[in-house]
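*Asks:* Residue numbering for the sequence shown follows this note's numbering, starting at 204 and increasing by one per position.
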Amino acid sequence: MARGFNARNTLILWLTVVGARFFNLRRIRCSTTAPLCVHQLMTPTPNSRVKLRIRQLAEGLDWSKKVSIEIQDPLRILAERREVWLAYCEEYDAHLVAKRFLPGSKQMREFNREVSGLKELSQRGIPGPGFIFTAEDDASGLWVAAKYIENGQSLFQLFFADDNTHSQSASKAINEFAKTLVLHWKSGVHQTDVHFKNFYWDGSTVYTLDVGSIRFKSSALSQRLIRKISYKLGMRFSGAARKMFFESLASHAAAHGVDFSYPSLPQQDKESAKALIREAHRLWKKSFRSSSRVLSRRSSDSALLASRSMDSELVEMLYQDPDSFMSQGLRLKNGNTCTVQKIEWKGQSFVLKRYNQKSLSYRLRHLLHLSRARRSWGIGQAIGVLGINVPQPLVLVEQKKNGMTLKSWLLMEFIDASSIDQRLKENQEMLHSDDSALKEISALFQKMHRYRIVHGDLKANNLLVNNEQIYLIDCDSLRFDVPKWRFKREAENDLKRFLENWDANTKLKKRIQQVLRKD
């Protein structure tokens, strides 16, 4: 029996089980047992029509009291709070953005904040989605319709989705974005949820979105807020793009009489790491709830997280019977802790990892911890922003009993790659200074030190090389932003574990040690 597992601790653990069971029952009381589809939690559904009763119209519009819109694509989903849809309105003869506020304690406050925000943004001369109308539906939902920005894209997509910060279009957008931010600061516009997805670019103008998160002040923003906002956004850029962004801010600030201090290079590096770690924490938290990217479902005996981009048929089959896939395809690993299977679905390869059932004592001791599969899911959603490559998690299924996880399955993308030790051992002649694999190893350890990342089992088989990129796998124990006092010791353990893969005093091991010592 585990150390310290006495009668008193047993009683405490069982009381915790009862409490967790009660809490879980309360949470799933309203859950559905209907067949699963990727858009199940969304109402309305794409390609449907919604009839609305007009509450208020923008100036110049003279419609009847009722209007019908055709729902097309989901833009953003916040479970049980609000939905944002791309829709088409015949009366308006154009596409629009329709935001629906669901019934609840926060409905009216968020609805009023959205309406007043759209109008206030326009009054202060900040480009944003123009107000069209407000309405209500038969299910007590409140709607706010705003103009859709044709042929536009978010600044996140423009700058980071395709590493496009060096293009001519991106350079122009960076300058206009800096100008928009300065106008925000001067006009007292404080966007409390400021990030690149809340700004849209149509090739000439930067539009400010998500007005519900904006707080309008009667005077210009303080230096503290200006510094916080500029650092948070600026540190997402790198190299020449970051320099251009801060120089544009300084230029527009001077032109509009706004006091802005240009950060020094050491300060930029420090703030850049902080900003990216904050973003990773945000993505981690967001990955466990329903959103426009993630479907979350929970019942008394199961839980599901799935990427909304996944084939709904595959998601349904995994949710209903994940073990039916474990006999298909190719067995990659057959261990006591987990079983790993490569499977095929409609011509595409995936990896399905099953975390096998643990003993009752283990489940009791880890009752309040995230399951290993759930940790891997969260890490996979968050760690990419820190420049660490991992196989993308796509579907998570958990089987539960009395609030405890029995077994879990994690479907991930398949990386066609070889392990780092295989790559290096088979290419001994490539151990000169410009070997790309050694450079990637060096870069990986630099990132892990910069963001205080600990893997926990950094053996060579857990590093894959594909197209000169290194991927970390088996990230069940990976942690980032580890406290400094703990990181040094655990990072040394990672390095020691990594070096154990090669025989002592060999040319290969000495070359690896030489590369890592430079860091």
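Even for Gly, the Cβ is constructed at its ideal location relative to N, Cα and C.
TRP580: which of ALA458, LEU589, SER611, GLY550 sits nearest, CA to CA?
*Replies:* Indexing the sequence shown from 1 puts residue 580 at position 377. Nearest option by C-alpha distance: SER611.
*Asks:* Per DSSP, what kind of secondary structure is ILE381 in: helix, strand or coil?
*Replies:* Looking up residue 381 in the sequence shown gives position 178. Checking the sequence shown, residue 381 turns out to be Ala, not Ile. Reduced to three states, the DSSP call for ALA381 is helix.
*Asks:* Is DSSP giving ARG725 helix, strand or coil here?
*Replies:* No answer is possible for residue 725: it lies beyond the span of the chain, which begins at 204 and ends at 722.
*Asks:* With three or more C-beta pairs closer than 8 angstroms as the rule, is the segment 438-445 touching the segment 348-368?
*Replies:* Taking 8 angstroms as the limit for Cβ pairs, the verdict is that the segment 438-445 does touch the segment 348-368.
*Asks:* Roughly how far, in whole angstroms, is the beta-carbon of TRP548 from the beta-carbon of LEU517, given that I think they are within contact range, below 8 angstroms?
*Replies:* Here the question's residue 548 lines up with position 345 in the sequence shown. Here the question's residue 517 lines up with position 314 in the sequence shown. With 8 angstroms as the limit, TRP548 and LEU517 qualify as a contact, their Cβ atoms being about 5 angstroms apart.
*Asks:* Can ILE586 and ALA663 be called in contact, C-beta distance under 8 angstroms?
*Replies:* As a first step, residue 586 is located in the sequence shown; it is residue number 383 there, counting from the start. As a first step, residue 663 is located in the sequence shown; it is residue number 460 there, counting from the start. No. Outside cutoff.
*Asks:* I need the DSSP call for VAL718, collapsed to helix, strand or coil.
*Replies:* Indexing the sequence shown from 1 puts residue 718 at position 515. DSSP places VAL718 in helix when its eight states are reduced to three.
*Asks:* What residue range does the alpha helix (DSSP H) around GLN602 cover?
*Replies:* The residue labelled residue 602 in the question sits at position 399 within the sequence shown. Per DSSP, GLN602 belongs to no alpha helix (DSSP H); it is in the beta strand (DSSP E), 596-604.
*Asks:* Measure the C-alpha to C-alpha separation of LYS713 and ASP679 and round it to an integer number of angstroms.
*Replies:* In the sequence shown, counting from the first residue as 1, residue 713 sits at position 510. In the sequence shown, counting from the first residue as 1, residue 679 sits at position 476. Taking the straight line joining both Cα atoms gives about 30 angstroms.
*Asks:* Would DSSP call LYS650 helix, strand or coil?
*Replies:* Counting from one through the sequence shown, the residue named residue 650 turns up at place 447. LYS650 falls in the helix class under three-state DSSP.
*Asks:* Over what stretch of residues does the beta strand (DSSP E) that includes ASN669 continue unbroken?
*Replies:* To locate residue 669, count along the sequence shown from 1; it is residue 466. Here the beta strand (DSSP E) through ASN669 covers 666-669.
*Asks:* What span of residues does the alpha helix (DSSP H) with ALA476 cover, start to end?
*Replies:* For this step, residue 476 is matched to residue 273 along the sequence shown. Residues 468-489.
*Asks:* Would a C-beta distance cut-off of 8 angstroms place ASP697 and HIS652 closer than the cut-off?
*Replies:* Sequence index remark: in the sequence shown, residue 697 carries index 494 (1-based). Sequence index remark: in the sequence shown, residue 652 carries index 449 (1-based). Contact: no.
*Asks:* Terminal residues of the continuous alpha helix (DSSP H) containing VAL518?
*Replies:* In the sequence shown, the residue the question calls residue 518 occupies position 315. Start and end: 515-523.
*Asks:* Near ALA381, which residues of its chain fall below 7 angstroms by C-beta distance, leaving aside the five closest residues on each side in sequence?
*Replies:* Numbered from its first residue, the sequence shown carries residue 381 at position 178. Cβ within range, chain order: PHE448, SER451, LEU452, HIS455.
*Asks:* Restricting to Cα atoms, I'd like to know which of LEU627, LYS650, ARG575 is closest to SER639.
*Replies:* Taking the first residue of the sequence shown as position 1, residue 639 is located at position 436. Checking every option, the nearest Cα to that of SER639 belongs to LEU627.
*Asks:* Could you give the distance in angstroms between the alpha-carbon of LYS302 and the alpha-carbon of VAL392?
*Replies:* Residue 302 sits at position 99 when you count from the first residue of the sequence shown. Residue 392 sits at position 189 when you count from the first residue of the sequence shown. Computed Cα separation, rounded: 22 angstroms.
*Asks:* So ILE582 packs on LEU681, CB below 8 angstroms; how close in whole Å?
*Replies:* Position 379 of the sequence shown, counted from the start, is the residue given in the question as residue 582. Position 478 of the sequence shown, counted from the start, is the residue given in the question as residue 681. Confirmed, about 5 angstroms.
*Asks:* How about ARG511 and SER530: are their beta carbons less than 8 angstroms apart?
*Replies:* Taking the sequence shown and counting its residues from 1, one reaches residue 511 at position 308. Taking the sequence shown and counting its residues from 1, one reaches residue 530 at position 327. No.
*Asks:* Helix or strand or just coil, what does DSSP make of THR709?
*Replies:* As a first step, residue 709 is located in the sequence shown; it is residue number 506 there, counting from the start. Residue state, collapsed to three classes: coil.
*Asks:* In terms of alpha-carbon separation, which member of ILE274, PRO277, ALA261, ILE257 lies closest to LYS268?
*Replies:* As a first step, residue 268 is located in the sequence shown; it is residue number 65 there, counting from the start. Considering only alpha carbons, the answer is ILE257.
*Asks:* With DSSP as the reference, label TRP288 as helix, strand or coil.
*Replies:* As a position in the sequence shown, residue 288 is number 85, starting the count at 1. The answer is strand: DSSP assigns TRP288 an E or B state.
*Asks:* Taking the C-alpha atoms as reference points, what is the distance between ASN250 and LEU289?
*Replies:* In the sequence shown, residue 250 corresponds to position 47, counting from 1. In the sequence shown, residue 289 corresponds to position 86, counting from 1. One C-alpha to the other measures close to 11 angstroms.
*Asks:* Is it a yes or a no for the segment 348-358 touching the segment 401-408, going by three-plus beta-carbon pairs under 8 angstroms?
*Replies:* Touching, yes.
*Asks:* Hey, how far is the Cα of GLU671 from the Cα of GLU643?
*Replies:* By one-based count along the sequence shown, residue 671 stands at place 468. By one-based count along the sequence shown, residue 643 stands at place 440. Looking at the two C-alpha atoms, the distance is approximately 7 angstroms.
*Asks:* Roughly how many angstroms lie between the CA atoms of ILE656 and PHE690, to the nearest whole one?
*Replies:* Mapped onto the sequence shown, residue 656 falls at position 453. Mapped onto the sequence shown, residue 690 falls at position 487. Spanning the two alpha carbons is a distance of roughly 8 angstroms.
*Asks:* Does the beta-carbon of GLU283 have 16 or more other beta-carbons within 10 angstroms, so that it is buried, or is it exposed?
*Replies:* The residue you call residue 283 lines up with position 80 of the sequence shown. It is exposed - the Cβ of GLU283 has fewer than 16 other Cβ atoms within 10 Å.
*Asks:* Under a Cβ-count criterion, where at least 16 other Cβ atoms within 10 Å of its own Cβ denotes burial, should MET607 be classed as buried or exposed?
*Replies:* In the sequence shown, the residue the question calls residue 607 occupies position 404. Under this definition MET607 is a buried residue.
*Asks:* Evaluate TYR465 with the Cβ neighbour count: other Cβ atoms within 10 Å of its Cβ, from every protein chain shown; 16 or more gives buried, anything less gives exposed.
*Replies:* The residue labelled residue 465 in the question sits at position 262 within the sequence shown. Exposed: under 16 other Cβ atoms inside 10 Å.
*Asks:* Hey, out of THR337, GLN649, MET311, whose CA is closest to VAL300's CA?
*Replies:* Start at 1 with the first residue of the sequence shown, and residue 300 comes out as number 97. Closest by alpha carbon: THR337.
*Asks:* Where do the N-terminal and C-terminal ends of the alpha helix (DSSP H) with ALA453 fall, by residue?
*Replies:* The residue you call residue 453 lines up with position 250 of the sequence shown. Segment 442-458, the alpha helix (DSSP H) holding ALA453.
*Asks:* Where DSSP assigns a beta bridge to LYS375, which residues make up the other side?
*Replies:* Taking the first residue of the sequence shown as 1, we reach residue 375 at position 172. The partner list for LYS375 (beta bridge, DSSP) is empty, contrary to what the question assumes.
*Asks:* Is there contact here, the segment 271-280 with the segment 317-325, by at least three beta-carbon pairs under 8 angstroms?
*Replies:* No: the two stretches stay apart, fewer than three of their Cβ pairs being nearer than 8 angstroms.
*Asks:* If VAL461 sits next to TRP388, beta carbons under 8 angstroms apart, how far is it from one beta carbon to the other, in whole angstroms?
*Replies:* By one-based count along the sequence shown, residue 461 stands at place 258. By one-based count along the sequence shown, residue 388 stands at place 185. Yes, they are in contact, since the Cβ atoms of VAL461 and TRP388 sit about 5 angstroms apart, within 8 angstroms.
*Asks:* According to the Cβ coordinates, are GLN778 and LEU613 closer than 8 angstroms?
*Replies:* Limits of the chain in this structure are 204 at one end and 722 at the other, which puts residue 778 out of reach.
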